[in-house]
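Here the structure is laid out as C-alpha cells; the discussion comes afterwards.
Residue numbers (the working numbering): 2 to 169.
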C-alpha cells in the first residue's frame, strides 16, 4: 500500500448497475475482504468457494466481502460470464465491474505492485489494509492450501474481535 494509514477506497457499479462504495453503511465498522478477481482467472475460480465459505461463516459476526472484477471489454458491456461466475460459486456479496485486467494497477491506485489475480486485501474495522494476499493456493497444493485457509480464517477472527477507535 502506498499509504497504509489511509482507508482502502473503492466505488464501482455492481452487476445490476448499483453503485457500491467503501463509504456505504454496510461496510462501516466491519472487517472487509476486497478481492481483486476476474471470471476468466483460474486461480480466482479456486479462491471463490473459499470466499463464499468465509462470508457464510463470518458475515453475521461482521465480515463483509466485495469482489472487484476485472473483465474483458465484451464482458464489461454484457457481463454474462461474471453473472455465471457469481451463480456458480453462490456468491452473495457484491461483485463490482471495475475495468479490464490490464487496468488493475491504474484503477486500484492505492496498491503497490498489484500484479496477481486474485489479490485479496484484508481491511480492519477502520477500513485500512492490514494484509494483502497475492494469488491463491488451490486444493492441488495440499497442505499449502489448508494452511492458507487456516491462516486467513484466524486473521479474520482476530480482526473481528478488535475494538474500533471512536476518535476517527
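Yeah, the Cβ is synthetic: ideal placement off N, Cα and C, and Gly gets one too.
Review point. Would you call the CB atoms of residue 15 and residue 115 closer than 9 Å?
Key: The count along the chain shown starts at 1 and reaches residue 15 at position 14. The count along the chain shown starts at 1 and reaches residue 115 at position 114. Contact flag unset, no.
**Study point:** Closest residue to residue 78 among 86, 100, 57 and 110 (Cα-Cα distance)
**Key:** Residue numbering aside, residue 78 sits at position 77 when the chain shown is read from its first letter. Considering only alpha carbons, the answer is 100.
Check your understanding: For the candidate residues 63, 22 and 44, whose alpha-carbon lies nearest to that of residue 164?
Key -> As a first step, residue 164 must be located in the chain shown, where it is residue number 163. Looking at the Cα atoms, 63 is the closest of the given residues.
**Study point:** Residue nearest to residue 40 in terms of C-alpha spacing, selected from 121, 83 and 108
**Key:** To locate residue 40, count along the chain shown from 1; it is residue 39. Of the candidates 121, 83 and 108, the one whose C-alpha sits nearest the C-alpha of residue 40 is 83.
Review point. By the 10 Å Cβ neighbour count, where 16 or more other Cβ atoms means buried, how is residue 87 classified, buried or exposed?
Key: Start at 1 with the first residue of the chain shown, and residue 87 comes out as number 86. So residue 87 counts as buried.
Check your understanding: Okay, do the region 39 to 55 and the region 138 to 152 touch, 3+ Cβ pairs below 8 Å being the bar?
Key -> yes
Check your understanding: Which full runs of the beta strand (DSSP E) of 3+ residues lie inside the region 20 to 108, going along the chain?
Key -> 20 to 22, 32 to 38, 64 to 71 and 96 to 100
Check your understanding: By DSSP, does residue 110 sit in helix, in strand, or in coil?
Key -> Translated into positions along the chain shown, residue 110 becomes position 109. Looking at residue 110 - three-state DSSP - the assignment turns out to be coil, as it is neither helix nor strand.
Check your understanding: From residue 169 to residue 5, what does the alpha carbon distance come to, in whole angstroms?
Key -> Position 168 of the chain shown, counted from the start, is the residue given in the question as residue 169. Position 4 of the chain shown, counted from the start, is the residue given in the question as residue 5. Here the model assigns residue 169 a pLDDT of 46, short of 50, so the residue's position is not dependable and the matter cannot be decided.
**Study point:** Classification of residue 70 by the beta-carbon crowding that lies within 10 angstroms, buried from 16 upward
**Key:** Walking along the chain shown from the start, residue 70 turns up at place 69. With 16 or more Cβ atoms within 10 Å of its Cβ, residue 70 is classed as buried.
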